[in-house]
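Undergrad: In this note's numbering, the protein residues as written are 195 to 597.
Glycine included, each C-beta is placed from N, C-alpha and C at the ideal position.
Everything numeric in this text was worked out from a predicted model, so none of it was measured.
1) Run through DSSP, which three-state label would residue 503 get?
2) What does DSSP give as the partner residue(s) for residue 534 in the beta ladder?
3) In three-state DSSP terms, what is residue 425?
4) Spatial neighbours of residue 205 within its chain, please: C-beta separation below 7 Å, excluding the five flanking residues on both sides.
5) Expressed to the nearest angstrom, what Euclidean distance is found between the alpha-carbon atoms of residue 515 and residue 259?
6) Give the DSSP-derived three-state secondary structure of residue 453 in the structure shown.
7) Only counting the same chain, and skipping five residues up and downstream in sequence, which positions put a Cβ closer than 6 Å to that of residue 331?
8) Suppose the cutoff is 8 Å on Cβ atoms and the five residues either side in sequence are ignored; what does the same chain contact list for residue 415 look like?
9) Under three-state DSSP, which class holds residue 594?
10) Which residue from 304, 264, 303 and 306 puts its Cα closest to that of residue 291?
11) What does DSSP give as the partner residues of residue 562 in its beta bridges?
12) For residue 280, which option in 262, 225, 308 and 268 has the closest C-alpha, if you only look at C-alpha atoms?
13) Answer with yes or no whether the minimum CB distance from residue 401 to chain C is below 8 Å.
14) So what does residue 199 bridge to, in DSSP terms?
15) Distance check for residue 339 and residue 218, CA to CA, integer angstroms please.
16) Starting from the C-beta of residue 329, find all residues in its chain whose C-beta is less than 6 Å away, skip the five residues before and the five after it, and write them out in chain order.
17) Starting from the Cα of residue 317, find the closest Cα among 591, 574, 570 and 595 and give me that residue.
18) Quick check on residue 239: does DSSP put it in helix, strand or coil?
19) Please state whether the Cβ-Cβ distance between residue 345 and residue 529 is less than 8 Å.
20) Residue 345 lies in the beta strand (DSSP E); which residues open and close that run?
21) Per DSSP, residue 323 is paired with what?
22) What is the DSSP secondary structure of residue 447, counted as helix, strand or coil?
23) Grab the span of the beta strand (DSSP E) containing residue 252 for me, first residue to last.
24) DSSP beta-bridge partners for residue 415?
25) What is the DSSP secondary structure of residue 431, counted as helix, strand or coil?
26) Does the Cβ-Cβ distance between residue 573 and residue 440 come in under 8 Å?
27) Looking only at its chain, what residues have a beta carbon closer than 8 Å to the beta carbon of residue 464, apart from the 5 residues adjacent to it on each side?
28) Assuming residue 460 contacts residue 411 (C-beta within less than 8 Å), just tell me the rounded distance between them.
29) In whole angstroms, give me the CA-to-CA distance for residue 420 and residue 361.
30) Can the beta-carbon of residue 512 be found closer than 8 Å to that of residue 364?
31) How about residue 200 and residue 227: do their beta carbons lie closer than 8 Å?
32) Within a Cβ cutoff of 6 Å, which residues of the same chain sit near residue 333, ignoring the five residues on either side of it in sequence?
33) Could you tell me which residues DSSP pairs with residue 330 in its beta bridges?
34) For residue 357, list the residues DSSP reports as bridge partners.
35) Straight-line CA distance for residue 195 to residue 266?
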């Protein structure tokens, strides 16, 4: 075998991939060998001149032998090459078959569902960690909820009854994210993603009772704890499914959040008028994506694949996530997780690269120890150690009791 690498970044020459390569160049510890991978040798060589990886690997997800050759040279593969519904499965299949850990930044919950159906058993048996949704979709929600539950347990409160989360954020959209959303609409998988609140749960965690208490937010209301108006949030259709899967997996390992646990997510606004506008915008976007004419117009308005916000715009972005956790005995806490930087770009690449570095290290320190495998989530595959790493990269985490 030719040179082996601790981490291979697949999809490195795309908009998000280039940022991830730059971040690995800046943060990878001495001695860690990493490489960039993608379809175009010319574009990879041009990128390598800027970020100085230890190697360049040409691979195309539509050419299985090249994918096998790439994965065989890695301990960890991370991918920014979407839409994953079209390009992601061959990479995951090779990682599961060859026992190589994997993480990505997908928000495509129908694709994650397919991975669970086809690869969960083999990945679990091999102790291979496959961790989708390891970017702004959906690590802050997942790790933030885990932090709430850990805090309540640390203070010896009863089991967690609920976590109610809300976001405020500023940032831009890149062409890859837009292409992913449009691909999901074209492949007609959005409906299931939007309506099935337990889409990613194992079969033994899909009871009528759990489904009933997990309904998506469909209204606007005033929240006195945060003193904001809350309204439906488009990303909640992704994040809530991931958080509920985390709880279900942890419950199967005897570490669940609570027998009647619920998780909901919303967007914060300062005025009711703004909340109404945002709610209508979400509904309008969902309706437009169902129609060919709506998708045609969307393509005219969003960046092309490979393009995205300016460096200044990404630096100016931010997100703040506030989670109200309530224990079964009535004790409540407000947890705030926030970071500077465009959520879909700066925040996403920071999370993905820290996940890669964790997976490349000794797995004895990871949740479940070195043998845990499967189609996991950020909370079940990486857990609070990832959150601590992110705090070292500028993320802020704060806890405040609610009287």
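TA: On the basis of the supplied data:
1) Reading the chain shown from its first residue, position 309 is the one you call residue 503. Correct three-state label for residue 503: coil.
2) Sequence index remark: in the chain shown, residue 534 carries index 340 (1-based). Answer is 512, bridged to residue 534.
3) Counted from its first residue, the chain shown places residue 425 at position 231. Residue 425: strand per DSSP, three-state reduction.
4) Position 11 of the chain shown, counted from the start, is the residue given in the question as residue 205. Answer for residue 205: 211, 232, 273, 274 and 275, listed in chain order.
5) As a first step, residue 515 must be located in the chain shown, where it is residue number 321. As a first step, residue 259 must be located in the chain shown, where it is residue number 65. Answer to the nearest angstrom: the Cα atoms are 42 Å apart.
6) Indexing the chain shown from 1 puts residue 453 at position 259. It is coil, neither helix nor strand.
7) For the purposes of this step, residue 331 is taken as residue 137 along the chain shown, with counting starting at 1. Closer than 6 Å at the Cβ level, and outside the excluded window around residue 331, lie 301 and 432.
8) Taking the chain shown and counting its residues from 1, the one referred to as residue 415 is at position 221. Result list for residue 415: 423 and 424, in chain order.
9) Here residue 594 refers to the residue found at position 400 of the chain shown. Strand, per DSSP.
10) Reading the chain shown from its first residue, position 97 is the one you call residue 291. Residue 264 is the option with its Cα nearest to residue 291.
11) Working through the chain shown from its first residue, we reach residue 562 at position 368. DSSP, once it has assigned bridges, lists no residue as partnering residue 562.
12) Residue numbering aside, residue 280 sits at position 86 when the chain shown is read from its first letter. Here the closest residue by C-alpha is 308.
13) The structure shown has no chain C; it contains just one protein chain.
14) As a position in the chain shown, residue 199 is number 5, starting the count at 1. Partner(s): 268.
15) For the purposes of this step, residue 218 is identified with residue 24 of the chain shown, where counting begins at 1. For the purposes of this step, residue 339 is identified with residue 145 of the chain shown, where counting begins at 1. Those two C-alpha atoms are separated by around 27 Å.
16) Here residue 329 corresponds to residue number 135 of the chain shown, with the count starting at 1. Only 299, 542, 545 and 546 meet the Cβ criterion.
17) If you number the chain shown from 1, residue 317 lands on position 123. Comparing Cα-Cα distances from residue 317 to each of 591, 574, 570 and 595, the minimum goes to 570.
18) Within the chain shown, residue 239 is the residue found at index 45, counting from 1. Residue state, collapsed to three classes: helix.
19) Residue 345 sits at position 151 when you count from the first residue of the chain shown. Residue 529 sits at position 335 when you count from the first residue of the chain shown. Taking 8 Å as the Cβ cut-off, residue 345 and residue 529 qualify as a contacting pair.
20) To locate residue 345, count along the chain shown from 1; it is residue 151. Element bounds for residue 345: not the beta strand (DSSP E) but the alpha helix (DSSP H), 333-348.
21) Counting from one through the chain shown, the residue named residue 323 turns up at place 129. Paired residue(s): 568.
22) Indexing the chain shown from 1 puts residue 447 at position 253. Coil, per DSSP.
23) The sequence position of residue 252 within the chain shown is 58, counting from 1. Start and end: 249-252.
24) Walking along the chain shown from the start, residue 415 turns up at place 221. Per DSSP, 424.
25) Here residue 431 is taken as the residue at index 237 of the chain shown, counted from 1. DSSP places residue 431 in helix when its eight states are reduced to three.
26) As a position in the chain shown, residue 573 is number 379, starting the count at 1. As a position in the chain shown, residue 440 is number 246, starting the count at 1. Contact flag set, yes.
27) For the purposes of this step, residue 464 is identified with residue 270 of the chain shown, where counting begins at 1. So the qualifying residues of the chain are 422 and 423.
28) Counting from one through the chain shown, the residue named residue 460 turns up at place 266. Counting from one through the chain shown, the residue named residue 411 turns up at place 217. Between residue 411 and residue 460 the Cβ distance is about 5 Å, and since that is below 8 Å, they are a contact.
29) For the purposes of this step, residue 420 is identified with residue 226 of the chain shown, where counting begins at 1. For the purposes of this step, residue 361 is identified with residue 167 of the chain shown, where counting begins at 1. Approximately 11 Å between the Cα atoms of the pair.
30) Walking along the chain shown from the start, residue 512 turns up at place 318. Walking along the chain shown from the start, residue 364 turns up at place 170. In contact: residue 512 and residue 364 (Cβ atoms closer than 8 Å).
31) Here residue 200 corresponds to residue number 6 of the chain shown, with the count starting at 1. Here residue 227 corresponds to residue number 33 of the chain shown, with the count starting at 1. Contact: yes.
32) As a working mapping, residue 333 is identified with position 139 in the chain shown. The answer, listed in chain order, is 545 and 572.
33) For the purposes of this step, residue 330 is taken as residue 136 along the chain shown, with counting starting at 1. Answer is none; residue 330 lacks a bridge partner.
34) For the purposes of this step, residue 357 is taken as residue 163 along the chain shown, with counting starting at 1. Its beta-bridge partners are 457 and 519.
35) The residue given as residue 195 occupies position 1 in the chain shown. The residue given as residue 266 occupies position 72 in the chain shown. Because the pLDDT of residue 195 is 40, which lies under 50, any placement of that residue in the model is unreliable, and the question is left without a value.
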